[in-house]
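Comments concern the structure below.
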C-alpha cells in the first residue's frame with residue numbers, strides 16, 4: 102500500500118490522520134478524566150503495528166519527519182512546563198514544600214531503583230535511569246481532579262502544585278546529570294569515580310554557565326524581545342519570535358550536552374517571569390495541542406510489539422513500585438505539615454508519571470538496549486498509562502469525601 | 027565551522043535551524059511589511075541564504091533537510107488551503123459574467139506572453155516554457171490589496187472586481203498547473219508532441235478532477251458541517267481546528283494520491299470548508315499556523331536556487347514580459363467593459 106504513494110503524500114496523509122485521531126482521543130478521554138497521552142501512546146503503538154504490516158514509515162522522509170515532529174513536541178512540552186513555572190514563587194514556597202519534595206523524590210527514586218535492581222535484576226545504570234524516571238511527577242493529571250471540585254486554590258492545592266513543579270525540575274536536572282556520566286559509568290567494571298567526578302563537575306559547570314546565560318537573557322533581553330515580537334507581529338497573533346527564541350535556546354542546551362528537553366525547560370523559564378510573554382501563550386497553546394502529541398506518538402512508535410508481553414510483567418512490578426514510592430514518600434513527610442486526609446490526597450495526587458518519566462526513558466532508549474531494553478521501555482509505558490489512569494480514578498472519590506477548605510490557602 | 031554542524035547532534039541541529047528560520051521570518055515580515063513589500067521576497071532570500079550557508083558548512087546534508095521538506099509541504103498546503111478558504115465559489119460564479127472578460131484576457135495574454143518569451147527569447151524547451159506560461163497566469167492579489175485598502179478603494183465596484191478577477195486567476199492558475207503536471211510526463215518536443223496520448227491523459231485528468239471535485243462538493247454539502255459542529259462540541263478553539271486541519275490534510279493527500287499535487291488538494295480542501303461559518307470562525311487559529319508554516323514553503327524554494335543560475339538574466343527578461351502582459355491582458359478588457 103505504502104509503495105503506491107509518494108513519501109510527501111503519505112506523510113501528509115499520516116499527519117492529517119494523526120491530527121484527527123488526536124482530536125478524537127482528546128474528545129473521548131478528557132470527559133472521563135483519563136489524560137489523552139494514554140491515547141497518544143496507543144495511537145503510536147497502532148501506527149507501529151500498521152507500519153510493520155504495510156511499511157508506512159519506511160521512507161527516510163517519513164521516518165525523519167516523525168522524529169523531527171517528536172523533537173519539536175519535546176521542546177514545546179518542556180518549554181510550556183518552564184513557562185508555567187515561577188522560579189521566584191517556587192523559591193518563596195520552598196521552606197514549606199521542601200520536606201515533601203525531598204521525601205517523595207528520594208523515596209520514589211529508591212523504590213524505583215530497588216524494584217529495577219533487586220526485583221527485576223536490571224543492571225545498575227538501567228536501574229538508575231528507572232529511579233530518575235520514577236522520581237518525576239505529572240501533576241497535570243491530578244490537577245484536573247482538584248480543579249473539578251474547586252480544591253486547587255486551597256493550601257493543599259498550592260502545596261501539591263509547588264511540590265510537583267519542584268519534582269519535575271529536579272527530575273530533569275537529575276536526568277541531565279545522569280546522562281552526562283552514564284558513558285563513563287558504562288566504560289568498565291570498576292567505576293572510575295575520579296572521572297565521574299570530573300565529568301559531573303564539567304556538566305555542572307556547563308549547567309551553571311547555561312543557567313547564568315539564561316538569567317542574563319531573562320533579565321535584560323527577554324522583555325525587549327517579547328515587546329519587539331508584539332510590535333513585529335501584530336497580526337494575527339504574536340507567536341513566532343518567542344517560539345523561535347525558545348527553539349534556539351533549547352538547541353543550545355542540546356549542543357552543550359544538556360539535552361533539548363533541559364534547554365527547552367530553561368527557555369520556558371526565561372520567558373516565565375515576563376508578563377509580555379503571556380500574550381504569546383494563547384497562540385502557543387495551538388502549537389502545544391498540535392505538535393506535543395507527536396512526542397507520545399513517537400514513544401508508541403518505538404514500542405516493540407514482541408516486547409509488549411514481557412513489558413507487561415516488568416511494568417506490573419514497576420507500577421507497584423511507582424505507586425508505593427510516591428504514596429510513602431509523600432504521605433509521611435506531608436503528615437508533618439497537614440492533616441492525614443490532606444497527606445493521603447497529596448500522596449495519591451503525586452502518583453502519575455507521564456511526560457518527564459517517558460522523556461527520561463526515551464533518552465535512555467537512544468543510548469541502546471544495554472541502557473533501556475525494549476521490554477523495560479514497554480514496561481514504563483505500562484507504568485505511565487497505569488498511574489495516569491489509576492490516580493484520577495482514586496482521587497475523585499477521595500476529594501469528594503474529604504473536601505478541602507478554601508480559607509487555608511497560602 | 028563545518029565541524030560545528032558535524033558536532034551538533036541532529037536533534038539540536040534541526041531545532042536550531044528551524045528556530046533561526048522562524049525568528050528571521052518574523053523579522054523579515056515585520057521589516058518588509060513596513061516598507062510595503064510582500065514578505066515572500068525576504069523568505070526566498072532567507073532560503074537562498076540558508077542554501078549558501080549549507081554549501082559552506084553542510085548544515086542540511088543529513089536528516090535536517092527532511093525537517094525543512096515537511097515544513098515546506100505544510101507551508102504550501104497552508105497557503106493553498108487559505109486561498110480556498112478565502113474563496114466563495116458561489117459568489118464567484120455569480121460574478122463570473124462581469125469578471126470573466128478581464129479574467130480570460132488576463133490569463134490568455136499572460137500565458138501567451140510567458141510562452142513566447144520562454145520559448146523564443148530564452149530558447150527554453152516546450153515543457154519549461156509551458157511551466158513559465160502557467161506560472162505567469164496567476165496573480166498574487168495580496169500584494170496589491172493593501173494599496174487599495176490604504177486608499178479605501180477596496181469596497182468600491184472596481185475593488186471588488188479586482189478581488190474577483192484575482193481569485194479566478196489563482197484558481198485557474200492552480201488548475202492549469204495541475205493539468206500541465208499531469209501531461210508533462212508524456213510530452214516530448216513540439217515537433218513530436220504525442221497529441222493523442224496528451225488528449226487521453228488530459229481527458230483522464232479532467233475525469234479524475236471532476237470525480238474529486240464531486241467528492242469535495244458532496245463532502246462540503248453533507249458531511250463538513252456535521253463534522254465541524256461535532257469538533258466544536260468536543261473542544262473549544264483552538265482544539266477544534268485540529269479536526270478541520272486534519273481533514274484538510276487528508277483531502278490534500280487524497281488529491282496527491284490521485285496524481286494532482288498536494289497544492290490542488292489543499293485548494294479544494296479550503297474550498298470545501300469555505301462555506302461553513304463555523305470553520306471560518308476557526309480561521310483565527312488557522313492564521314497562526316499559516317504565519318508559522320507558509321514562510322517555509324518560500325524558504326524551501328530559496329533553498330533550491332542556484333547562485334550561478336541567478337545571474338543569467340532570465341529573470342529580468344521574464345519580468346520585462348510579465349508586467350506589460352498583465353497590464354495589457356487585464357487592462358484592455360477592463361477598459362473595454364467599464
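Chains as they are written, first to last, in my numbering: chain S, 102 to 511; chain P, 27 to 364.
The beta-carbon is built from N, C-alpha and C at its ideal position, and this holds for glycine as well.
Spatially closest choice to residue i from the options, by CA coordinates
i: residue 138 of chain S; options: S/503, S/487, S/499; result: S/487
i: residue 333 of chain P; options: P/71, P/60, P/37; result: P/71
i: residue 519 of chain S; options: S/465, S/462, S/428; result: Because chain S here runs from 102 to 511, residue 519 of chain S falls outside it and cannot be looked at.
i: residue 116 of chain P; options: P/341, P/276, P/223, P/298; result: P/298
i: residue 330 of chain S; options: P/37, P/56, P/39; result: P/56
i: residue 140 of chain P; options: P/246, P/348, P/229, P/291; result: P/348
i: residue 412 of chain S; options: S/159, S/142, S/474, S/370; result: S/474
i: residue 165 of chain P; options: P/257, P/329, P/188; result: P/188
i: residue 244 of chain P; options: P/82, P/200, P/301; result: P/301
i: residue 260 of chain S; options: S/393, S/497, S/348, S/202; result: S/202
i: residue 203 of chain P; options: P/235, P/63, P/242, P/183; result: P/235
i: residue 348 of chain S; options: S/283, S/358, S/113, S/369; result: S/369
i: residue 51 of chain P; options: S/344, S/247, S/470; result: S/344
i: residue 462 of chain S; options: S/484, S/444, S/445; result: S/484
i: residue 464 of chain S; options: S/407, S/168, S/159, S/131; result: S/168
i: residue 127 of chain S; options: S/266, S/391, S/477, S/316; result: S/391
Distance between residue j and residue i (C-alpha atoms, nearest Å)
i: residue 197 of chain P; j: residue 152 of chain P; result: 23 Å
i: residue 115 of chain S; j: residue 41 of chain P; result: 22 Å
i: residue 163 of chain P; j: residue 195 of chain P; result: 7 Å
i: residue 308 of chain S; j: residue 409 of chain S; result: 37 Å
i: residue 169 of chain P; j: residue 65 of chain P; result: 9 Å
i: residue 388 of chain S; j: residue 356 of chain P; result: 42 Å
i: residue 161 of chain S; j: residue 205 of chain P; result: 29 Å
i: residue 173 of chain S; j: residue 361 of chain P; result: 53 Å
i: residue 110 of chain S; j: residue 158 of chain P; result: 25 Å
i: residue 104 of chain P; j: residue 111 of chain P; result: 10 Å
i: residue 148 of chain S; j: residue 268 of chain P; result: 19 Å
i: residue 312 of chain P; j: residue 107 of chain P; result: 10 Å
i: residue 395 of chain S; j: residue 129 of chain P; result: 44 Å
i: residue 492 of chain S; j: residue 245 of chain S; result: 11 Å
i: residue 292 of chain S; j: residue 225 of chain S; result: 11 Å
i: residue 226 of chain P; j: residue 119 of chain P; result: 29 Å
i: residue 74 of chain P; j: residue 193 of chain P; result: 29 Å
i: residue 103 of chain S; j: residue 155 of chain S; result: Confidence is the limiting factor: at residue 103 of chain S the pLDDT is only 48, short of 50, which leaves the residue's position unreliable, though a coordinate-based value still follows. Approximately 6 Å between the Cα atoms of the pair.
i: residue 286 of chain P; j: residue 231 of chain P; result: 8 Å
i: residue 186 of chain P; j: residue 180 of chain P; result: 6 Å
i: residue 364 of chain P; j: residue 339 of chain P; result: 38 Å
i: residue 311 of chain S; j: residue 123 of chain S; result: 35 Å
i: residue 344 of chain P; j: residue 201 of chain P; result: 22 Å
i: residue 270 of chain P; j: residue 254 of chain P; result: 7 Å
i: residue 342 of chain P; j: residue 62 of chain P; result: 22 Å
i: residue 134 of chain P; j: residue 359 of chain S; result: 59 Å
i: residue 80 of chain P; j: residue 43 of chain P; result: 11 Å
Residue j beta carbon less than 8 Å from that of residue i
i: residue 501 of chain S; j: residue 258 of chain S; result: no
i: residue 45 of chain P; j: residue 319 of chain P; result: no
i: residue 362 of chain S; j: residue 170 of chain S; result: no
i: residue 108 of chain S; j: residue 489 of chain S; result: no
i: residue 495 of chain S; j: residue 449 of chain S; result: yes
i: residue 68 of chain P; j: residue 76 of chain P; result: no
i: residue 375 of chain S; j: residue 323 of chain S; result: yes
i: residue 398 of chain S; j: residue 176 of chain S; result: no
i: residue 117 of chain S; j: residue 282 of chain P; result: no
i: residue 326 of chain P; j: residue 94 of chain P; result: yes
i: residue 352 of chain P; j: residue 136 of chain P; result: yes
i: residue 480 of chain S; j: residue 416 of chain S; result: yes
i: residue 350 of chain S; j: residue 371 of chain S; result: yes
i: residue 181 of chain S; j: residue 438 of chain S; result: no
i: residue 133 of chain S; j: residue 279 of chain P; result: no
i: residue 144 of chain S; j: residue 151 of chain S; result: no
i: residue 418 of chain S; j: residue 221 of chain S; result: yes
Any non-hydrogen atom of the ligand GTP within 7 Å of residue i CB
i: residue 428 of chain S; result: For the structure depicted, the ligand GTP is absent and the ligand set is empty, with no information on it obtainable.
Per-residue contacts from residue i into chain C (C-beta, under 8 Å)
i: residue 165 of chain S; result: The structure shown has no chain C; the protein chains it does contain are S and P.
Original post:
Are the segment 224-239 of chain S and the segment 451-461 of chain S touching, with three or more C-beta to C-beta distances below 8 Å?
Top reply: yes
Original post:
Are three or more beta carbon pairs between the segment 225-234 of chain S and the segment 278-287 of chain S nearer than 8 Å?
Top reply: yes
**OP:** Would you check if the segment 207-215 of chain S and the segment 183-192 of chain S touch, i.e. whether three or more CB-CB distances between them fall below 8 Å?
**Re:** no
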